Each structure stands twice: as structure tokens, then as C-alpha cells.
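K.L.:
Questions regarding the structure given below will be posed in turn.
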Amino acid sequence: MTDDLLTLDGLTKAYPGVVANRDVSFGIAPGEVHALLGENGAGKSTLVKMIFGLVTPDKGRMTLSGKPHAPNSPEAARAAGVGMVFQHFSLFDALDVAENVSLGMSDPPPRATLAPRIAEVSRAYGLPLEPNRTVGDLSAGERQRVEIVRALLGKPRLLIMDEPTSVLTPQEVELLFGTLRQLRSEGVAILYISHKLEEIRALCDRATILRDGEVVATCRPSQETAGRLAELMVGRKLDAPARAGRALDSLALMVRDLSLPPAHAFGTPLTNVSLRLHEGEVLGIGGVAGNGQDELLAALSGEILAPEATLFLGGRDISRLGPDARRRAGVLTGPEERLGHAAAPDMSLTENALLSVSYDPAMVKRGLIDWSATRAFAESVIARFDVRTPGPDTAARALSGGNLQKYVMGREIVQNPMVLVVNQPTWGVDAAAAAVIRQALLDLAAQGAGVIVISQDLDELMEVSDRFAGLTNGRLSSFRSTSDLSVEEIGLMLGGAHDMAPADPGLPSRKKGATA
Amino acid sequence: MDLSSISPALVVASLMVASTPLLLAALGELVVEKAGVLNLGVEGMMITGAICGFAIAVETGSPPLGFLAAMAGGAALSMVFAVLTLVLLANQVATGLALTLFGLGLSSMLGQGYVGIKPPATARLDLGPLSDLPFLGRAVFSHDWMVYVSLGLTVAIWYVLTRTRAGLTLRAVGENHDAAHALGLKVVAIRFAAIGFGGAMAGLGGAYLSLVRVPQWTEGMTAGAGWIALAIVVFASWRADRVLLGAYLFGGVTVLQLNLQAAGSALPVEYLSMSPYVITILVLVIMSARRSRATAAPASLGKPFHATA
């Protein structure tokens, strides 16, 4: 197409041992929202980094409105009219909003003129934002607005958005889509990277699908089903997880009026959290990160001891038991951070297995480690969960996110816990691996274990959980059966609405909400 | 004990001289750490600056040339650290410690011919009628020009770090080097510049010791001043104004306790000798005890940066 704003022609980029992009060609028209779809490792990030000047292609050409586009730095790309909103926000916590915006501009005006311009742009696009607030105090949605406003101040003709909705509540997503539609109507082209298929069907005009670094299809997402898009992405048919489990009557875990002060200066206190988890049941707890998820997991795992008589496992008070004693009692947990919390990055998979099974006399006898038994255990996890790795001696750090996640989840699941609590079990994991993990959680529940899934991914929670509750400001809503719950109701349960009012200075802080 | 033998004007005057080497070195390290680099080689760069400055000042008879040479010497040594940590990604802590040991050895080798020599005197800055003021004239306005340069540098560094684009860029690199890289900031180049500046400042502080404070060359004459400077940066919560406070506090208590010793204080000498360390740390700890973002370390401090674009 000749009227495209940006055309990519035969872009190829290889790294030692892997071809990230092979002969990628497509075009993006002005006023179009163009989706770039693909699994983790399909080459989406490398591709947009080439457009944004962070990576130089080995072969191929790019053309931006008729002129060759070969930026050698983000500065050059911005000058050519390309803006980018990063997936892992490229923000500086200790700096304020205006300073963060200024750092992302090639030729920033002095603060006295920049601050009103930030306010003006954020108003014009419905992105309420205050220039003087410290970024470290903002919610995920507000942080994203900083990124978007920063990109918009450069007056881009092409805006690249890398997985923008992964941390947003449904209401925030709607707000974002409103902004993007407004930009589209102004003729801005948007390259939208995501693996959330429903979103892409709702928002995007065209989609280019990458698999293993190559373009495998181009389509109009509104005319395809989500299932068809997923098949194109993964390259084979995906089965929805099968629900065999049925909640039984007997109680596995009970939390009664659990309140905890925040563990650190930026933590969230837990306030009167109560829940009843039955055997064979999957409880879903939704909410935007930073609303007490980490604290809840830590309280359940024993990393933070709970006040007496707040946690009961089958009638036994486990509130004052430490992590090892709880593991022995049958409560296992899988934290959100794969590297550094669930697994020690530089230790081998075998050593990492030991970290969570060291209470087991089969592995540790009289304080001495039985390495061959531990290694066999690690191998059994690798085999059962199809972890792609050269072997159990590989360092955890060397595994891809999805593979490591399968490993750390599998490590807990094969121990047949009575209760398993996981936080963000499929965060940053590709669709195929996510399906394996969700199925394993459901299978575990089917065998009679109680499972609590804490997640920001609502689709995931709807898929796996029997009952759902929202965690906001450290308070847990009451549980509702997922079978009769709409997305709007969930959004309200998450209290995402408090963020939605148009620019109301000083109000929308979740910190303030916590003390209100 | 005869307290009347202690002249307040003289105490203030000598505390400013005693504090200047610490202030210079700590300001340099402040800039380095704000860029996210932990250089524990301050002591080594200081003493290298001390001998470089001393030798050149003696050979040329010009203290200003000596100070310039000290900056060059400190910066040159810091470039060894920069190449090792920024290009070869060596561990910053280990490399910094090695730099200190290397600097101590190098300086004693360079200084073999200079023991027992008196350096040319550094000129007093003529402040005209200000120097004739009662008390203040003697205490504050009758120093050599380096004292005023160090105070000017404090203000300049504070201004650059908090008010300018260059300072914002530097802080951004120290705060989150990956994000800075994604935005197209030259992380490695900025850190090279910061490390070089820190080396030059440490060298300057060392030369002030050998040319003004002592003034002569002896092996190991920095005697831990580099470590004090490092500690001051941390306890000053990475703020230029508090670095000034910390350095003057330490220098002040040092001078005061020496005066007390001379006056025959009843307190054992050991307690007096430890007092500068204890009091400086106590005051700065209390000041930085309020936990807030403004007093936190640069988030990328000491972490190696490798662009994995």
C-alpha cells in the first residue's frame, strides 16, 4: 500500500542463536489502530524496538511517509514522529511527573511552561494527571498516563503501545480505549501490541500476527473469533481448561478478620480480610497490583506471621506458624515474582526445588541433603510440566519466563498440597504455557485441594475460579459465584471507579483511599 | 582544664580548613552515586591526588598547577575504575576496594622523593575589608582560595543536580538505568563523566591535604579521609547541602576535640578521638531517620548496567 504511514519491508534481526525477526513486512495507515499479535518470544518487542531506534535491523528497510526511516536512537525516532509507551514503564519512581515527562522529550521546554502543557494535554485526552506528584506514589493506571502524555507531547504520527492494558482495571481500559479512539480520529496511527484477544477485537482495525519471528497472517480482528486468532498465534488449537472440580462441603482454609499493618513504607495494610476456602474449590481474588496482594500472600505463606486465631487449616490455628511449618501442614504458596521470590535466579533448578521441599524427609535426612532424590524430584517436575530446559542443573535465570513459571508452579503442585495459594500464576507467560498452568491448578482442585488464585488478569480468574472477590486497598469484597458475574460488576468490585473521575486534583490516590 | 585558651575564631577558621578535603571528596562521590555508581576508591583517588598535586606544585612552584595535576591524577585513576566496571562489568564494590589499595601503593611509590619537603604556600584570597571584620574576618574571611572554591562547588553541584536538565538526566540514570536507556539516554557515557568528575574532586581534596592542611607529603596521609567522605554521602542522604553540613560537622568536632585535648580535658583521649565519628554519624542519622523518598538512595546504585536491547 502506498498510502501507509509506515511500511516495513523485509525486516530481519538475528541474535546469537536465535532469529528474532525474519523478513517481516507490513504497513500501518494513518488513523489506524494496528494490532501486533504474538506469543512471548514471537519477536514483537524486537520489531518495535527497531521502529523506535533501540535496535538496528540486520536487513530490510522502513519507510515513514515516503521517506526512509532508519533511526539510530529513540531521539531520532521521536524526531521522525514515532512515540512509544513501554510495557515495563520507563519511569523514574523518585522523580515527579513533570520531570519524567521532560526526560522523554528531545527538546523539553522549561518546567514553567511544561507543567501547564502536561495539564492541558492530559485534560484534552481524558487522562487526569498532576505534574507535581511523585511517580512512585501513583497507581499503575496513573503511571501509564504519564507515559502516554509523555509520548503525546512529542506530537507523534505513530504511537506504539506495548501491552498497555496488562495492569489496568476494566474501567481504566475503557478510559484508555477512549483516548486511543480519539487519537485515531485525529489521524494518528497506533501500533498496539497485546495478547489479549478480546481487546484487540474491540479496538483494532487490522492485525498482523507474528509467530517465531515471522508474519504468519494479517487479518481484520473484528471479523475473526478470539479462538481463531489464538490458533494463528500459537500455531495449533488451544483447548479451554476443563473444569472437573466441584467444591466440596468441608472447609480447607479459613481466614477470619485478618488485619495486618503494612510490611514496609510503601506497602498496603490488610483490613478485616475473611474468606472460607473449601476442598476442591478455586477462589479467585482480583485487583490491581499494590492493593494488598503481596501482603495477603505473605500472610498466608507465613512470611509475615498473622495475629493469633486468624488463619485456620482444617480447624487448626496456623496463624503463628512460620513458612516451613505451614508447608509441612500442607499450605503451599507461589509468589508473584518468579526470579528472586519463587526462585533464586543463580541457583540450579534442583537447588530451587530443594528450597520448597526441604521439609520433606525424603530430600533432607538429619540435616543432610539427598541430592539424587532432590534431582529426581526436579526432573519429575520438568517432565510433568513440559519445562523446556537442558536439564535440572540449569540456572533458574536461564529459563524463559513461561518455562520458569511452569517449573515453580509445578514444583508446588506435585507436592499435592491441601491448600495452594498463587499470586499472578501466568504473569508474562505465553498462551500455551498459561493454559498448562491453569489446567494444572484445576486438576489440583479436582483432586480435592483448595486453591486460591490471586491475579490481575480477570479473564484468567473467570476461567479458573468458582467464586470471585476483589481486593482493594487491602480490603476483600465478599465472594460471588463467577457463573453469574459480568465484567462491569467485577470492575465495581475492584473499586476501579475511584480513579475514573476527570481531573480532580489530589483526590484519586489509592493511599488516601486507604486511610479514608 | 583551661577553656579560655580555646579561641572561637580560631576554631572556626581551622574547622573550615580541616573540612575542605572531606567536602571536596564527598561532593565528588555524591555526583558519582547520584549517577548510580558506587565507587569505594575515594581513599585511593584522594591520596593519588595528594601526591600528584604535591609533586607538581613542588616542581613548578605553583599551587594552582598542583591542584590541576591532582584533579588529573584522581580522574585518571577513576577512569581505571570506570573501564573495569562500565565496560568490563566488574563488580563495583570489589573494584573500588582494589582501587583504594592500588592508589595507596601507587602514591607511596610516586612520593618517594618528596618526603620532608615543604610545598609552596597556597595564596590567601584577599577579601579586602571583609577580612578586617571582628571575629568573622579571622574565622571566615581569611582563608586560601580553595576553601571558597569548595563552597562555590557545593552550591554549583546543588544547583546542577536539582535545577538543570543535565542534573535531571544524571539522576534519572542513577534512578533507573534501564528506563533511561529505553528513553535514549547515554547511560554509560554519563556514568563515565560522573566517575571522572568524582575522581577529579577526590584528587582535589587529597591535594588540599598535602598542600594546605598539613602541608607536606607523608605516606598514607589521607588516613581514612576517603572513607569518611563516603560515609558522609550516605548519611547526608545524597544531598549536597547535607554533605556540606556533614563535612563541616566532622571537621568541626575534630578541631574542637584537638583543642580540648590541648587544653587538658578530663575526658580520656580515646573518647575525644572517637567523638567526630560518633557525633557526625549520630546527627546525620537522626536527620535522615524520617523515611521518605527524598532521602532514599538512588535506586540503581551499585547495580551493573548492560544494554540488552
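Chains as they are written, first to last, in the working numbering: chain A, 1 to 516; chain B, 1001 to 1309.
C-beta atoms are modelled at their ideal positions from N, C-alpha and C, and glycine is treated no differently.
All of these numbers come straight from a predicted model, not from anything done at the bench.
(1) Pull up the DSSP beta-bridge partners for Met62/A, would you.
(2) Which two residues bound the contiguous alpha helix (DSSP H) that contains Ala446/A?
(3) If you reduce the DSSP assignment to three classes, tell me which class Tyr125/A lands in.
(4) For Thr1280/B and Gly1246/B, which I take to be in contact (beta-carbon distance under 8 Å), what is that distance rounded to the nearest angstrom?
(5) In chain order, what are the residue ranges of uninterrupted alpha helix (DSSP H) at least 4 long that sit wholly in the region 1004–1064 of chain B?
(6) How should Glu1270/B be labelled, buried or exposed, when 16 other C-beta atoms within 10 angstroms of its C-beta is the threshold for buried?
(7) The alpha helix (DSSP H) spanning Tyr1277/B covers which residue range?
(8) Could you name each continuous alpha helix (DSSP H) segment of 4 residues or more that falls completely within the region 278–330 of chain A, going from the start of the chain to the end?
(9) Considering only their Cβ atoms, is the gap separating Val421/A from Ser274/A smaller than 9 Å?
(10) Assign Ala1350/B to buried or exposed, taking buried as 16 or more other Cβ atoms, counted over all protein chains shown, within 10 Å of its Cβ.
(11) Would you please verify whether the beta carbon of Arg1239/B is less than 9 Å from any beta carbon of chain A?
(12) Helix, strand or coil: how does DSSP classify Ile1117/B here?
(13) Relative to chain B, which residues along the region 64–75 of chain A have a C-beta separation below 8 Å, given in chain order?
(14) Hey, how far is the Cα of Gly1251/B from the Cα of Thr1048/B?
(15) Can you round the beta-carbon distance between Ala395/A and Val288/A to whole angstroms, since I take them to be within the 8 Å contact cut?
(16) The beta strand (DSSP E) spanning Gly1137/B covers which residue range?
(17) Between the alpha carbons of Ala299/A and Leu305/A, how many angstroms are there, rounded?
(18) Within 10 Å of its beta-carbon, does Leu465/A have 16 or more other beta-carbons around it, so buried, or fewer, so exposed?
(19) Which chain A residues sit within Cβ distance under 7 Å of Gly1184/B?
(20) I need the straight-line Cα distance from Leu1010/B to Thr268/A, nearest angstrom please.
(21) Could you check which residue in Gly1036/B, Ser1019/B, Gly1044/B, Ala1098/B has the C-alpha nearest to that of Ala1200/B?
(22) Give the DSSP-derived three-state secondary structure of Pro221/A in the structure shown.
(23) State buried or exposed for Asp484/A, treating a residue as buried only when at least 16 other CB atoms are found within 10 Å of its CB.
(24) If we call anything under 9 Å between Cβ atoms a contact, is Gly27/A one with Asn291/A?
(25) Thinking C-alpha only, which one of Asp393/A, Glu214/A, Gly284/A, Gly410/A is nearest Ala383/A?
(26) Report, in whole angstroms, the separation of the C-beta atoms of Ala1166/B and Leu103/A, which I expect to be a contact under 8 Å.
(27) From the DSSP secondary-structure annotation, give me the bridge partner or partners of Tyr192/A.
(28) With a cut-off of 9 Å, does the C-beta of Arg388/A fall near any C-beta of chain B?
(29) Bridge partners for Asn21/A per DSSP, in chain order?
(30) Comparing alpha-carbon positions, which option in Tyr192/A, Ala124/A, Gln144/A, Leu114/A lies nearest Pro131/A?
(31) Candidates Pro156/A, Glu172/A, Leu251/A, Ala309/A: which alpha carbon is nearest Gln144/A's?
(32) Using 10 angstroms around the beta-carbon of Phe1135/B, count the other beta-carbons present and answer buried if the total reaches 16, otherwise exposed.
(33) Using the C-alpha atoms, what's the distance from Gly284/A back to Leu47/A?
(34) How should Pro335/A be labelled, buried or exposed, when 16 other C-beta atoms within 10 angstroms of its C-beta is the threshold for buried?
(35) Are at least three pairs of beta-carbons, each pair with one atom in the region 1226–1241 of chain B and one in the region 1052–1067 of chain B, less than 8 Å apart?
P.N.:
A quick look at the data gives this:
(1) In the first sequence, residue 62/A corresponds to position 62, counting from 1. Answer by DSSP bridge pairing, in chain order: Leu8/A.
(2) Residue numbering aside, residue 446/A sits at position 446 when the first sequence is read from its first letter. Note, Ala446/A: alpha helix (DSSP H), 431–446.
(3) The residue given as residue 125/A occupies position 125 in the first sequence. In this structure, Tyr125/A counts as coil in the three-state DSSP scheme.
(4) Taking the second sequence and counting its residues from 1, the one referred to as residue 1280/B is at position 280. Taking the second sequence and counting its residues from 1, the one referred to as residue 1246/B is at position 246. The pair is a contact, with the Cβ atoms about 6 Å apart (cut-off 8 Å).
(5) 1008–1034, 1042–1060
(6) For the purposes of this step, residue 1270/B is identified with residue 270 of the second sequence, where counting begins at 1. That one is exposed.
(7) The sequence position of residue 1277/B within the second sequence is 277, counting from 1. Its alpha helix (DSSP H) spans residues 1269–1287.
(8) 293–301, 323–329
(9) Counting from 1 along the first sequence, the entry for residue 274/A is found at position 274. Counting from 1 along the first sequence, the entry for residue 421/A is found at position 421. No, the Cβ-Cβ distance between Ser274/A and Val421/A is not below 9 Å.
(10) Residue numbering for chain B in the displayed model covers 1001 to 1309; residue 1350/B lies beyond these limits and cannot be assessed.
(11) In the second sequence, residue 1239/B corresponds to position 239, counting from 1. Cβ-Cβ to chain A under 9 Å: no for Arg1239/B.
(12) Here residue 1117/B corresponds to residue number 117 of the second sequence, with the count starting at 1. Of the three classes helix, strand and coil, the one that applies to Ile1117/B here is coil, per DSSP.
(13) Residues are counted here when their Cβ sits less than 8 Å from a Cβ of chain B; for the region 64–75 of chain A these are Ser73, Pro74, Glu75, given in chain order.
(14) Looking up residue 1251/B in the second sequence gives position 251. Looking up residue 1048/B in the second sequence gives position 48. Their backbone Cα atoms lie some 22 Å apart in a straight line.
(15) Here residue 395/A refers to the residue found at position 395 when the first sequence is read from its first residue. Here residue 288/A refers to the residue found at position 288 when the first sequence is read from its first residue. Their Cβ separation, rounded to whole angstroms, is 32 Å, which puts Ala395/A and Val288/A out of contact at 8 Å.
(16) The residue labelled residue 1137/B in the question sits at position 137 within the second sequence. Unbroken run through Gly1137/B is the alpha helix (DSSP H), 1136–1139; no beta strand (DSSP E).
(17) Residue 299/A sits at position 299 when you count from the first residue of the first sequence. Residue 305/A sits at position 305 when you count from the first residue of the first sequence. Taking the straight line joining both Cα atoms gives about 6 Å.
(18) Counted from its first residue, the first sequence places residue 465/A at position 465. What sits at residue 465/A in the sequence shown is Ser, not Leu. Label assigned to Ser465/A: buried.
(19) Working through the second sequence from its first residue, we reach residue 1184/B at position 184. The contacting residues are Ser73, Pro74, Glu75.
(20) As a first step, residue 1010/B must be located in the second sequence, where it is residue number 10. As a first step, residue 268/A must be located in the first sequence, where it is residue number 268. Going from the Cα of Leu1010/B to the Cα of Thr268/A covers about 54 Å.
(21) Locating residue 1200/B in the second sequence gives position 200, where the first residue counts as 1. Closest by alpha carbon: Gly1044/B.
(22) For the purposes of this step, residue 221/A is taken as residue 221 along the first sequence, with counting starting at 1. In the structure shown, Pro221/A sits in a helix (DSSP, three-state: H, G or I).
(23) Residue 484/A sits at position 484 when you count from the first residue of the first sequence. By the neighbour-count rule (16 or more Cβ atoms within 10 Å), Asp484/A is not buried but exposed.
(24) Here residue 27/A is taken as the residue at index 27 of the first sequence, counted from 1. Here residue 291/A is taken as the residue at index 291 of the first sequence, counted from 1. It is not a contact, given that the beta carbons lie outside the stated cut-off.
(25) What you label residue 383/A is simply residue 383 of the first sequence in a count that begins at 1. If we check each option's Cα against that of Ala383/A, Gly410/A comes out closest.
(26) The residue you call residue 1166/B lines up with position 166 of the second sequence. The residue you call residue 103/A lines up with position 103 of the first sequence. Going by Cβ atoms, the distance from Ala1166/B to Leu103/A rounds to 12 Å, so no, they are not a contact pair.
(27) For the purposes of this step, residue 192/A is taken as residue 192 along the first sequence, with counting starting at 1. Looking at the DSSP assignment, Tyr192/A forms a beta bridge with Ala35/A, Met161/A.
(28) For the purposes of this step, residue 388/A is taken as residue 388 along the first sequence, with counting starting at 1. False, the Cβ-Cβ gap to chain B never drops below 9 Å.
(29) Walking along the first sequence from the start, residue 21/A turns up at place 21. Answer by DSSP bridge pairing, in chain order: Lys13/A.
(30) As a working mapping, residue 131/A is identified with position 131 in the first sequence. Nearest C-alpha to Pro131/A: Leu114/A.
(31) The count along the first sequence starts at 1 and reaches residue 144/A at position 144. Residue Glu172/A is the option with its Cα nearest to Gln144/A.
(32) Within the second sequence, numbered from 1, the residue matching residue 1135/B stands at position 135. Counting the other Cβ atoms within 10 Å of the Cβ of Phe1135/B gives fewer than 16, which makes it exposed.
(33) Working through the first sequence from its first residue, we reach residue 47/A at position 47. Working through the first sequence from its first residue, we reach residue 284/A at position 284. If you draw a straight line from the Cα of Leu47/A to the Cα of Gly284/A, it is about 35 Å long.
(34) Position 335 of the first sequence holds residue 335/A. Pro335/A is buried by the Cβ-count criterion.
(35) no
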